[in-house]
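Peer 1: So that we are looking at the same thing, I have put the structure below in structure tokens.
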Amino acid sequence: MEQERVYKFLGNVFKNVVARLEETMGAGTIRAVFRLVGRDLGRKAAERIRSKIGSSNCSLGEFAKILVEEIIAPVTGEDGVSLKESSDNVEIDITVCPFERMGFDISNKFYCTYTESLIGRVVEEKFGKEAIIKINSLKSAGHDKCSFQIFK
12 MEQERVYKFL
22 GNVFKNVVAR
32 LEETMGAGTI
42 RAVFRLVGRD
52 LGRKAAERIR
62 SKIGSSNCSL
72 GEFAKILVEE
82 IIAPVTGEDG
92 VSLKESSDNV
102 EIDITVCPFE
112 RMGFDISNKF
122 YCTYTESLIG
132 RVVEEKFGKE
142 AIIKINSLKS
152 AGHDKCSFQI
162 FK
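Residue numbers for the sequence shown follow our numbering, so the first one is 12 and each next one is one higher.
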């Protein structure tokens, strides 16, 4: 119960900070900040994944499984994310948005920029810039999930 109140308090503070930043600096600046934060945390997430797999040459599917289990599922819950593998790509579907669960208005896509940048940086750190990430859907655009397809 105590921890829940702390999370709610921090969520409210964060929500107000974002609102004030948007008022003073504009939506473009907020997106840029979320992109940078996503990339920074993506680099750290890539380091965590590297510590799990070492320098081994794992497949895209093996890598995506670790990404989902170690980075995404702890935030969304295991039921909030799924992984589909095919011969040339993987698709990560996120049905639980942690920002939305905290009561944030996700329609402005600030938070999607964070998630996209985090996933992008993790993939880039492992497979280089030739890896392609395609966004198939976003909850902020009214879809029931955020869907990211990764090609190597």
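Note that the Cβ used here is the ideal one computed from N, Cα and C, for glycine as well.
Under DSSP, the beta strand (DSSP E) around N147 begins and ends at which residues?
Peer 2: 143 to 148
Peer 1: Quick one: what does DSSP say D90 is sitting in, helix, strand or coil?
Peer 2: helix
Peer 1: State yes or no: is the beta carbon of N100 nearer than 8 Å to at least one beta carbon in chain B?
Peer 2: Judged by its chain identifiers, the structure shown contains no chain B, having just a single protein chain.
Peer 1: Could you tell me the alpha carbon to alpha carbon distance between Q160 and T126, rounded to whole angstroms?
Peer 2: 13 Å
Peer 1: My output table needs one value for C157: the three-state DSSP class, helix, strand or coil.
Peer 2: strand
Peer 1: Give the DSSP bridge partners of D104, in chain order.
Peer 2: D104 pairs with S93, S158.
Peer 1: Return the Cβ separation of A75 and I103 in integer angstroms, given the expectation that the two are a contact with Cβ distance under 8 Å.
Peer 2: Yes, A75 and I103 are in contact; Cβ-Cβ is about 6 Å, under 8 Å.
Peer 1: Closer than 7 Å by C-beta to E141: which residues in its own chain qualify, once you throw out the five before and the five after it? Chain order, please.
Peer 2: Same-chain partners within the cutoff: there are none.
Peer 1: Mind reading off the beta-carbon distance from V133 to G53? Whole number of angstroms is fine, and I expect it under 8 Å.
Peer 2: 5 Å
Peer 1: Starting from E81, follow the alpha helix (DSSP H) in both directions and report where the run begins and ends.
Peer 2: E81 -> no alpha helix (DSSP H), and no H or E assigned at all.
Peer 1: Tell me the rounded alpha-carbon separation between S158 and S97.
Peer 2: 15 Å
Peer 1: Pick helix, strand or coil for C117, following the three-state DSSP scheme.
Peer 2: Sequence inspection shows Ile at residue 117; the Cys mentioned does not correspond to that position. DSSP places I117 in coil when its eight states are reduced to three.
Peer 1: Short of 7 Å in beta carbon distance, which residues of its chain neighbour G72, apart from the five on each side in sequence? Order them along the chain.
Peer 2: E96, V101
Peer 1: For S148 and S70, what's the separation of their Cα atoms in angstroms?
Peer 2: One alpha carbon belongs to S148, the other to S70, and they sit about 24 Å apart.
Peer 1: My output table needs one value for N68: the three-state DSSP class, helix, strand or coil.
Peer 2: DSSP places N68 in coil when its eight states are reduced to three.
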